[in-house]
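Since the structure comes first, as structure tokens, the remarks are kept for the end.
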Amino acid sequence: MDTTNPSSADLAGDPVLIARAEALRPTVEALSDEIEDGRRLPAALLDKLHEAELFRLLLPRSANGIETDPVTFFRCIETIARADASTAWCLSQAGGCAMSAAYLDPPVAQAIFGDDPRAVLAWGPGPRVRAIACEGGYRVTGTWAFASGGRHATWLGAHCPIWRADGSTPELDAEGRQVERTFLVRSDEVEWTDIWNVVGLRGTASDQFALTDHFVPAAHSITRDFERECRESGPLYRMSAMTCYEVGFSGVALGIARGALDSFVDVAKNKIPRGKRNPIRDNAVVQTQLAQAEVGIGSARAFLLQTVAGIWRDISGGGKLSMEQRLAIRMASTNAIHQAREAVDFAYNAAGATAIFESHPLERRFRDIHTVTQQLQGRLSHFETVGAWMMGAEADLTFV
């Protein structure tokens, strides 16, 4: 699967935006315990993130967004993840959701995103949900979970299959499949349930929300099919939100791994294991494994950035995102997530009992990376999809 060779400039990203993220990293790290304990991003941190406009990285310029490139997006997310994975996850999720503005009528996009500098959209899946067509819009009922960042969001997205006004006849598209849309509702209009008592990424507050027979105007609904209703002409919106999620969440994973290896080196220099005479750093096996972990995340990161930057150059030149390119990003991002997990597992295991205490950074990073791999973006089955497509076999392209 070939990718276009990018230049060093293509790989660099926007230094101004990356510097903003880097400048915030100490603040995020200082608040990481509060984020973990409160299972929320603190108000003081949200103020800083909004001031730096990090929630608006993928929002169209027409809605007062930054509309940056995916390489810059990746590097900003990765930088924040070195300090706190939950904060980075929320920024990545909000970034992909903000691309919804490209599918809304411009006045609606302006009202939701442009007029409010603190606008954040969040959403999550819902297995038993429905929207019934009615005059001027839809009546929406259901429960949605995994709404990362929903507790600080101003709007929420409720993804639903569509039924005709009789409530029993599904609305079908030209191929005979039931039509699905995402409905945008104000966050203060939903009923919340606190379900987020989890192993890792605790600060994302990925809780559950519900609506019952809630009216949503038709203009506040979108399709997530980026080729059907996109009203923005910029190259970012010729990429799908799915590919940007892949890029962002792999940035979360690699940021976690970078932080874990840095923490491990500090431990290894000073810790003398029980029954040993020398510090961990003098162990030849550990030395070898550390180098291998560094190569693993470094090569995965380079492959991902090369893939994304080459595709971005093609798209920026007027090209259309091909299935081969979508699969290339899926393959590179999934690889990055799992190479990051392997690096964190090494650091956690090699640090010994030091890493089991909640007070140590490795304990949290171990939990966070294993939560990342349990999510959609970390599924090993993505490799099966890519491999099947490469060989011309039947491939499930649902999440490509």
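In numbering that gives the first Met the number 0, the protein residues as written are 0 to 399. Cβ atoms here follow ideal geometry from the backbone N, Cα and C, with glycine treated the same way. Note that the structure is a prediction, hence the values are computed from the model and not measured.
For Y102 and T222, which I take to be in contact (beta-carbon distance under 8 Å), what is that distance rounded to the nearest angstrom?
7 Å
- Message: Taking only three categories from DSSP, how would you classify L155?
- Response: strand
*Beta-ladder partner(s) of E179, from DSSP*: P160
- What is the DSSP secondary structure of Q400, reduced to helix, strand or coil? Any property of residue 400 remains undetermined from this structure, which presents the chain solely from 0 to 399.
Give me the residue from A256, H151, G156, P278 with the minimum Cα distance to G141. G156
- prompt: How is the beta strand (DSSP E) around W195 delimited, first residue to last?
  reply: First-last for W195: undefined, no H or E at that position.
Mark D367 as exposed unless 16 or more other C-beta atoms lie within 10 angstroms of its C-beta, in which case mark it buried.
buried
Inset, instruction - State yes or no: is the beta carbon of Q324 nearer than 7 Å to at least one beta carbon in chain B? - result: Note that chain B does not occur in the displayed structure, where there is just one protein chain.
* Where DSSP assigns a beta bridge to G123, which residues make up the other side? -> A157
Q | Segments of 3+ residues assigned as beta strand (DSSP E) that fall wholly inside the stretch 61 to 144 | A | 120 to 123, 129 to 133
- prompt: Which residues bound the alpha helix (DSSP H) around F398?
  reply: Looking at the DSSP string, F398 is not in any alpha helix (DSSP H), and its letter there is neither H nor E.
So, for L304: in the same chain, excluding its five sequence neighbours on each side, which residues have a beta-carbon less than 6 Å away from its beta-carbon?
Contacts found: L10.
CB contact flag (L57, I76, <7 Å): no
### Task
Can you tell me which of the three DSSP states R185 falls into?
strand
Environment of F263 [buried if 16+ CB atoms lie within 10 Å]:
buried
Open item on the list: I'd like to confirm the pairing. Which residues does DSSP put opposite F208 in its beta bridges?
Closed with: W143, W191
- Task: Report yes if the C-beta distance between G148 and A121 is below 7 Å; otherwise report no.
- Result: It is a contact, given that the beta carbons lie within the stated cut-off.
Contacts around F248, its chain only, beta-carbon distance under 6 Å, and the 5 residues preceding and following it disregarded:
S91, Q376, listed in sequence order.
| Residues bridged to L171 by DSSP? | Q177
Here's the rule I'm using: 16 or more other beta-carbon atoms within 10 Å means buried, otherwise exposed. How should F208 be labelled?
That one is buried.
message: So for S220, helix, strand or coil by DSSP?
response: strand
Spatial neighbours of V189 within its chain, please: C-beta separation below 7 Å, excluding the five flanking residues on both sides.
Scanning its chain for C-beta atoms nearer than 7 Å, with the 5 sequence neighbours on each side dropped, one finds around V189 the residues L155, F208, A209, L210, in chain order.
CA-to-CA distance, R163 to S31, given in whole angstroms | 47 Å
Checklist entry - Can you give the Cα-Cα distance for E226 and R60, rounded to whole angstroms? => result 19 Å
query = DSSP on H213, reduced to helix/strand/coil?
reply = strand
Exercise for review: Over the uninterrupted alpha helix (DSSP H) stretch that includes Y347, give me the two end residues.
Suggested key: 322 to 350
Next on the checklist: Checking 7 Å against the spacing of the C-beta atoms, do E341 and G295 come in under that value?
Outcome noted: For E341 and G295, yes; Cβs fall inside 7 Å.
Contact defined as beta carbons within less than 8 Å: I believe R436 pairs with V385. What is the distance between those atoms, to the nearest angstrom? A question about residue 436 goes unanswered here, because the residues of the chain that appear run from 0 up to 399.
>> Since G254 and A80 should fall inside the 8 Å C-beta cutoff, what is the C-beta to C-beta distance between them, to a whole number of angstroms?
In response: Sure, about 2 Å apart at Cβ, within 8 Å.
Would you check if the distance between the CB atom of A62 and the CB atom of G113 is smaller than 7 Å? Their beta carbons are under 7 Å apart, which means A62 touches G113 by this criterion.
query = Is the CB-CB distance between D83 and V119 below 7 Å?
reply = no
Next on the checklist: Taking its Cβ as the centre, do 16 or more other Cβ atoms sit within 10 Å of R273, making it buried, or is it exposed?
Outcome noted: exposed
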